[in-house]
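In full-length UniProt numbering, the protein residues as written are 1 to 432.
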């Protein structure tokens, strides 16, 4: 007598109480030896056939959305609301998975795939694969049944003739080199919009134009500039890691694995710190207003610049998101028609002064984007070294329409012509 063999499609073993407690502890929400809460979480896992790690991650989002109502430690009183939240999460995930499971279709390429040319020895040809799919479909239309007789022979013959007439003929194209492909996509010299820009190298804005310009003498240019690199920040000290070289993280963390609550706390800290800096640097300004509060008078609010849709940030798509403490995280449209000049990017923390008569649109009159630190004091420089010149450039260094790096080449040519003492390049280096 042999023991019965297990079923081939047996479900995976479900989580137990210990695994559930461990998953919540890894997310930073210990259960504190509460057996009732652990048993309820285990019942939720078994009800929806979910992993303990997925349940703990869902509690993270549930606590973040109800931070003022729910304790960070899971309690029995919050389990019913959490069960409903997790049920909605599972239903949304299954709905997304069902919509994404479509029958794949054969792709036909009219030219060599750039990604295939970048791979070393990439196997297969996309045109041949597509022809194999078409060939199988054509053969299936003319395959005879048993005895050489196919029911509906006229219909099958018509389908075969149509498949033969509409069949795509594949052409084997030579594999292209990646560098040659990128060079072919680059515009001709002088044909790009960057090359045709008016008044190249013209100064748009000058700081303190009344001050006399100091130029280096030939003797001073031959001397090397004294440039010292200083490490700053909390992670640059010798006690930040065992090596003591200033590299690495201060504590054992998972790279790019931040909890949602940690991200929210970080944004709130940035907003509150910037508001405190503005109030300290500009006496008489109070940054405690809400972005959605309707007022005919001037208001001062601190928020984060966001875009109302996917794509590039422009003057018509700028929104201001307030903090949770002052604005409950709400957003309003930021009108910039009264600003003579501005420079904004998504995620930037700014202080805005203006009017919000309707509560839905904040008309900006003044934007404080940064609080400059106090000027450092240094002894009078020796006249033997002359002035120190520096060129600072911020990316991206490629245009949006091509990857020719024409602006970067123009910057290097300018640096070779002017020969500055210091050249500082800041990313991003590729326009995304």
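We put the CB at the ideal spot given by N, CA and C, even for glycine.
These figures come from a predicted structure and were not determined experimentally.
Burial state of residue i (16 or more Cβ within 10 Å)
i	result
residue 87	exposed
residue 304	buried
residue 424	exposed
residue 47	exposed
residue 319	buried
residue 302	buried
residue 20	buried
residue 35	exposed
residue 290	buried
residue 354	buried
residue 37	buried
residue 438	Given that the chain is displayed from residue 1 to residue 432, the structure contains no residue 438 and the question cannot be resolved.
residue 80	exposed
Straight-line gap, residue i to residue j (C-alpha atoms, nearest Å)
i	j	result
residue 352	residue 313	18 angstroms
residue 349	residue 42	42 angstroms
residue 401	residue 340	28 angstroms
residue 342	residue 419	30 angstroms
residue 315	residue 412	31 angstroms
residue 330	residue 362	13 angstroms
residue 372	residue 293	29 angstroms
residue 398	residue 195	12 angstroms
residue 345	residue 306	8 angstroms
residue 256	residue 311	24 angstroms
residue 267	residue 212	43 angstroms
residue 192	residue 364	35 angstroms
residue 433	residue 430	No answer is possible for residue 433: the residues shown for the chain start at 1 and end at 432.
residue 396	residue 92	38 angstroms
residue 275	residue 333	20 angstroms
residue 288	residue 45	43 angstroms
residue 264	residue 203	40 angstroms
residue 417	residue 410	11 angstroms
residue 32	residue 18	12 angstroms
residue 281	residue 426	27 angstroms
residue 258	residue 201	43 angstroms
residue 335	residue 285	21 angstroms
residue 358	residue 270	28 angstroms
residue 347	residue 366	18 angstroms
residue 297	residue 360	15 angstroms
residue 95	residue 84	17 angstroms
residue 428	residue 262	26 angstroms
residue 338	residue 199	26 angstroms
residue 82	residue 16	19 angstroms
residue 98	residue 39	31 angstroms
residue 25	residue 325	28 angstroms
residue 283	residue 377	24 angstroms
residue 66	residue 415	54 angstroms
Nearest-angstrom Cβ-Cβ length linking residue i and residue j, presumed shorter than 8 angstroms
i	j	result
residue 323	residue 272	7 angstroms
residue 393	residue 421	Actually they are not in contact, since the Cβ atoms of residue 393 and residue 421 sit about 15 angstroms apart, beyond 8 angstroms.
residue 208	residue 295	About 37 angstroms separates the two Cβ atoms, so there is no contact after all.
residue 75	residue 260	The pair is not a contact, with the Cβ atoms about 19 angstroms apart (cut-off 8 angstroms).
residue 23	residue 52	4 angstroms
residue 278	residue 368	6 angstroms
residue 30	residue 73	7 angstroms
residue 309	residue 317	6 angstroms
residue 78	residue 70	5 angstroms
residue 54	residue 27	Not confirmed; about 11 angstroms, so no contact.
Range of the contiguous beta strand (DSSP E) that encloses residue i
i	result
residue 321	318 to 322
residue 338	Premise fails: residue 338 is in no beta strand (DSSP E) and is neither H nor E.
residue 70	No beta strand (DSSP E) contains residue 70, which DSSP labels as neither H nor E.
residue 17	Taken as a continuous stretch (DSSP letters only), residue 17 belongs to no beta strand (DSSP E), being part of the alpha helix (DSSP H) at 17 to 26.
residue 300	295 to 307
residue 364	361 to 368
residue 349	349 to 356
residue 426	422 to 426
residue 391	390 to 394
Where the alpha helix (DSSP H) containing residue i begins and where it ends
i	result
residue 412	406 to 418
residue 270	260 to 281
Closer than 7 angstroms: residue i CB and nearest the ligand SAM heavy atom
i	result
residue 38	No copy of the ligand SAM occurs in the structure displayed, which carries no ligand at all.
4 or more residues per run - each alpha helix (DSSP H) lying fully within the region 42 to 67 | If you keep only unbroken alpha helix (DSSP H) runs of at least 4 residues inside the region 42 to 67, you get 52 to 65.
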